[in-house]
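The numbering used here runs 137 ahead of the 1-based position in the sequence shown. From the three backbone atoms N, C-alpha and C, an ideal C-beta is built for every residue, glycine too. Here the structure is a predicted model, which means the values were calculated and not measured. Before any comments, here is the structure.
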Amino acid sequence: MRIVVQRVKKAKVIVENEEIGRIDNGFLLLVCLVNGDTEEIVDKAAQKILSMRIFSDQDDKMNLDIQQTNGAILAISQFTLAWDGQKGNRPSFDKAMAPAQAQLLFRFFLDRLREKVPVQTGRFGAHMNVELDNDGPVTFFLEF
Numbered sequence: 138m139r140i141v142v143q144r145v146k147k148a149k150v151i152v153e154n155e156e157i158g159r160i161d162n163g164f165l166l167l168v169c170l171v172n173g174d175t176e177e178i179v180d181k182a183a184q185k186i187l188s189m190r191i192f193s194d195q196d197d198k199m200n201l202d203i204q205q206t207n208g209a210i211l212a213i214s215q216f217t218l219a220w221d222g223q224k225g226n227r228p229s230f231d232k233a234m235a236p237a238q239a240q241l242l243f244r245f246f247l248d249r250l251r252e253k254v255p256v257q258t259g260r261f262g263a264h265m266n267v268e269l270d271n272d273g274p275v276t277f278f279l280e281f
């Protein structure tokens, strides 16, 4: 599982000229499920996301997690993160999990996050336009 975590002031996702998700203050997550991912791995990733202390406290130190800031998450499935760029110039997505299985695990991931914070999402498998106001910028790449 690969996840790009971006701290945002706001973010939204548009599909077929319709805004289907929007958040203020929180995380934009770009999520890729790869072959071999399991519910255990996905649960570990969700718990890590929820506990990352990357929001500033009163002393402007990264010390608060998303729950402490009443933040929200916009999660976007993005299989293109499966390519590692090590071989060739044309991306290969062989490491990406098959769509049907990935969609099930992505839903599991969203459910785990929703237990603690509000979550919006795009449309799995659709062409999406994502807009964000990156805060910092603060961006992390996680691999589980």
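- Between the segment 228-237 and the segment 181-194 there are fewer than three inter-stretch CB-CB distances shorter than 8 angstroms, so the stretches are not counted as touching.
- Secondary structure note for Ser214: its beta strand (DSSP E) is the uninterrupted segment 209-214.
- Counting other Cβ atoms within 10 Å of its Cβ, Ser214 reaches 16 or more and is therefore classed as buried.
- Val275 is a Cβ neighbour of Arg144, given a cutoff of 7 angstroms.
- Of the candidates Lys149, Arg139, Glu153, Val141, the residue whose Cα lies closest to the Cα of His264 is Glu153.
- Looking at the DSSP output, Leu250 shares a beta bridge with no other residue.
- Here the alpha carbon of Ile210 sits roughly 12 angstroms from the alpha carbon of Asp202.
- The three-state secondary structure of Arg159, taken from DSSP, is strand.
- DSSP places Lys146 in the strand class (E or B) of the three-state scheme.
- Taking the CA atoms as reference points, Phe243 sits about 10 angstroms from Thr258.
- CA-CA distance, Glu155 to Lys198, rounds to 37 angstroms.
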